[in-house]
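The numbering used here puts the sequence shown at residues 12 to 223.
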Amino acid sequence: MKVFPRCSLFFGFLVLLSACLTAHAQHYSQPALILKPDRIANFRPEFANAVATEIQIRLQEVNPGQPSPIFYLSQTPPLAVDFPEILFLRFTGSCDVLPQMPAPHAPRALGSVPFVKGEPINYILIDCEEIALTINDAIAPMKPEQRVDAMARAISRVFQHEYLHIHRRTSHHDETGVFASALSRRFLVAPDPPTSPSATPAAAVIESVGAL
Ligand SMILES: [Zn+2]
């Protein structure tokens, strides 16, 4: 997936936020993960929960045994906290799965991570609309609730790909798997292999800071 060398503005914001958080330290052992949909109206709490739960599974695959993040929806955490890591996920476009086949269009990147001076920053952009268009014909035969789950899973796999850019601090890709330079629609929506109940993380909890 494409990596766009931009976002000095975002970087400035992160520095500012981290300075604020350090000034009023109250320590958490878990990272914070902030979901920032551009269109909150079609990012309902139950959909946000499905996305957060899938993301938790993807993070466990990358960092087994690590504490699950504390999720925030559309809000930054209160200033009087300090997290070991803060990750922003911005969702552009509508995250609704479409009722019919989309018109052909020039494909865009499903997600991206800005690099500043050759280093990735903790800011992942997810193009919800492009993901919905990409998986549309793979999920068309599904029931409505299955389509929502498949969309959450596809988002989490794009998240995992982008997160690996940050985790490995590289813009390069693997030949195959989730860190390949392109992901098929079949891969994006494929169900997870069965795991033992003890290995399955609990449903994600989304903290609410003010109104959602
Ligand atoms: Zn990539």
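Ideal placement from N, C-alpha and C gives every residue a C-beta, glycine not left out.
### Query
Say the cut is 7 Å; is the CB of His178 nearer than that to a heavy atom of ligand 1?
no
### Query
What is the rounded straight-line gap between the Cα of Thr150 and the Cα of Leu144?
This sequence places Ile at residue 150; Thr is not what is there. Distance between the alpha carbons of Ile150 and Leu144 is about 10 Å.
### Message
At the level of alpha carbons, what is the spacing between Phe190 and His184?
### Response
6 Å
### Query
If we ignore side chains and look at the alpha-carbon of each, how far apart do Pro152 and His116 end up?
22 Å
### Query
Do you know how far the Cα of Asp107 is from the Cα of Pro89?
29 Å
### Query
If you draw a straight line from the C-alpha of Thr103 to the C-alpha of Ile81, how long is it?
22 Å
### Message
Once DSSP output is grouped into helix, strand and coil, what is the label at Asp148?
### Response
helix
### Task
Could I get the ranges of all uninterrupted alpha helix (DSSP H) runs contained in the region 172 to 211, with 4 residues as the minimum, in chain order?
196 to 200
### Query
What beta strand (DSSP E) runs, 3 residues minimum, are completely inside the region 93 to 129?
97 to 103
### Message
Using only the alpha-carbon positions, how far apart do Asn53 and Ser105 sit?
### Response
7 Å
#### Entry: Ala63 - containing alpha helix (DSSP H), residue span
56 to 73
### Query
Which residue from Gln41, Glu72, Ile51, Glu156 puts its Cα closest to that of His172?
Glu72
### Message
Just list the residues that DSSP pairs Asp138 with in beta bridges.
### Response
Thr103
### Task
Closer than 6 Å by C-beta to Leu194: which residues in its own chain qualify, once you throw out the five before and the five after it? Chain order, please.
none
#### Entry: Secondary structure of Ile81, DSSP reduced to three states
strand
### Query
If you follow the beta strand (DSSP E) that Ala43 is part of, which residue opens it and which one closes it?
43 to 48
### With 16 other Cβ atoms within 10 Å as the buried cut-off, status of Asp148
exposed
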